[in-house]
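First comes the structure, then the notes that go with it.
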Amino acid sequence: MKIINVSDSVSVCQDERYYLVNSICVNLGSELVFVDTGIEPIIASKFRNSMHKLYKQDKACLTITHANNDHFMGLEAFLDLPIIVSDKFMDPFNMRTKSSKIDFGKSFKPTEIYSSSKTLGSGKQSVTFTQTGGHTEDSCFGYYPTEKILIAGDNLLTDMPQYFFHTDSNLEKYINCLKEWEKMDIEMIIPGHGNITNNPSHISRVRSYFEKLAEFLLHTKQSDLSIEEILTHTALPKYIEPDPENWIEKGIRHFYDNINSNK
Ligand SMILES: [Zn+2]
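Going by this note's numbering, the letters in the sequence shown line up with residues 16 to 278, in that order.
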């Protein structure tokens, strides 16, 4: 793992063992806000301790962008803190932890559950989390206006294709989230996975591709083409980056299945 201090008050812990998954710490002055836990409590604990030292701040809380294992498996390192999640978080969290019998040392109960959005801190020293859906139904993003930093969660990845084939992935909500970000004043993006970028045009590139894809698939829905014919269709929009594990193809299959089931 490596810790990257991306600005005066934001640091990222990146774990190269699992698709460069990022955990984040925002120093609001009055407290530290941790976002996502990474995949392992020992690493999460090291990150947490180094943040308390770096920012000389003992007070902290945790929030989680969405209930996928790679974003909450390090939870044990934060169980003594206030933990704030959206009202869409607990159902998928309970489902995943029950089915894989994950043990956090003690039972997890969030300190606070919010609907739609939640601002931590106040005034200039605040960070706001907003529930949007997209990658998963419970997906949230964070925005730290003082430094114009977007904490994207898995609604935006860099250095790898986008991932939207969870059973609750929703392409329309995904595109709407990207459009919302395009209207915001963003100078730096911390993706759910991948390297931090100072290039907000990444959002528009990804949105443009998915809009074309959605349009193409909605149009071809009217035809009798099979999914295999769709995937080899010359008019199928090509993703902007290499897709070594076929995430985009899997996403197209998922989305096409879903629009077919709505017939
Ligand atoms: Zn993830």
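The beta-carbon is built from N, C-alpha and C at its ideal position, and this holds for glycine as well.
If you're wondering where the values come from, they're calculated on a predicted model, not measured in any experiment.
Item to check | Residue(s) in a DSSP beta bridge with serine 137 | outcome: Indexing the sequence shown from 1 puts residue 137 at position 122. Looking at the DSSP assignment, serine 137 forms a beta bridge with Gln140.
Next on the checklist: Going by DSSP in three states, proline 257 sits in which element: helix, strand or coil?
Outcome noted: Taking the first residue of the sequence shown as position 1, residue 257 is located at position 242. Three-state result, proline 257: coil.
Checklist entry - Can you tell me where the alpha helix (DSSP H) with tyrosine 34 in it begins and where it stops? => result The residue labelled residue 34 in the question sits at position 19 within the sequence shown. Careful: tyrosine 34 lies outside any alpha helix (DSSP H) and carries neither H nor E.
Checklist entry - Shortest alpha-carbon distance to glycine 207 belongs to which of Glu31, Ile242, Asp23? => result Taking the first residue of the sequence shown as position 1, residue 207 is located at position 192. The shortest C-alpha separation from glycine 207 is found at Glu31.
Item to check | Start-end ranges of the beta strand (DSSP E) lying completely within the segment 144 to 197, minimum 3 residues | outcome: 155 to 159, 164 to 168
Checklist entry - Are there 16 or more other CB atoms within 10 angstroms of the CB of tyrosine 33, so buried, or fewer, so exposed? => result In the sequence shown, the residue the question calls residue 33 occupies position 18. Classification for tyrosine 33: exposed.
Checklist entry - What is the DSSP secondary structure of threonine 235, reduced to helix, strand or coil? => result On the sequence shown, position 220 is the one that residue 235 refers to. Residue state, collapsed to three classes: helix.
Item to check | Beta-carbon proximity of threonine 309 to alanine 92, cut-off 8 Å | outcome: This structure cannot settle anything about residue 309, because the visible part of the chain is limited to 16 through 278.
Next on the checklist: Looking at serine 154: is its Cβ nearer than 8 Å to the Cβ of threonine 147?
Outcome noted: Taking the first residue of the sequence shown as position 1, residue 154 is located at position 139. Taking the first residue of the sequence shown as position 1, residue 147 is located at position 132. Cβ atoms of serine 154 and threonine 147: closer than 8 Å.
Item to check | Pairwise C-alpha distance: asparagine 42 and serine 22 | outcome: For the purposes of this step, residue 22 is taken as residue 7 along the sequence shown, with counting starting at 1. For the purposes of this step, residue 42 is taken as residue 27 along the sequence shown, with counting starting at 1. Distance between the alpha carbons of serine 22 and asparagine 42 is about 10 Å.
Next on the checklist: Restricting to Cα atoms, I'd like to know which of Leu35, His234, Arg220 is closest to tyrosine 254.
Outcome noted: By one-based count along the sequence shown, residue 254 stands at place 239. The residue with the shortest Cα to Cα distance from tyrosine 254 is Arg220.
Next on the checklist: Taking 6 Å as the limit, name every residue whose beta carbon sits nearer than that to some heavy atom of ligand 1, in sequence order.
Outcome noted: Val36, Asn83, Asp85, His86, Asp169, Gly207, His208
Next on the checklist: Considering only their Cβ atoms, is the gap separating leucine 193 from isoleucine 211 smaller than 8 Å?
Outcome noted: Here residue 211 corresponds to residue number 196 of the sequence shown, with the count starting at 1. Here residue 193 corresponds to residue number 178 of the sequence shown, with the count starting at 1. No, these two residues do not count as a Cβ contact at 8 Å.
Next on the checklist: Could you tell me which whole alpha helix (DSSP H) segments of length 4 or greater appear in the segment 63 to 102?
Outcome noted: 84 to 87
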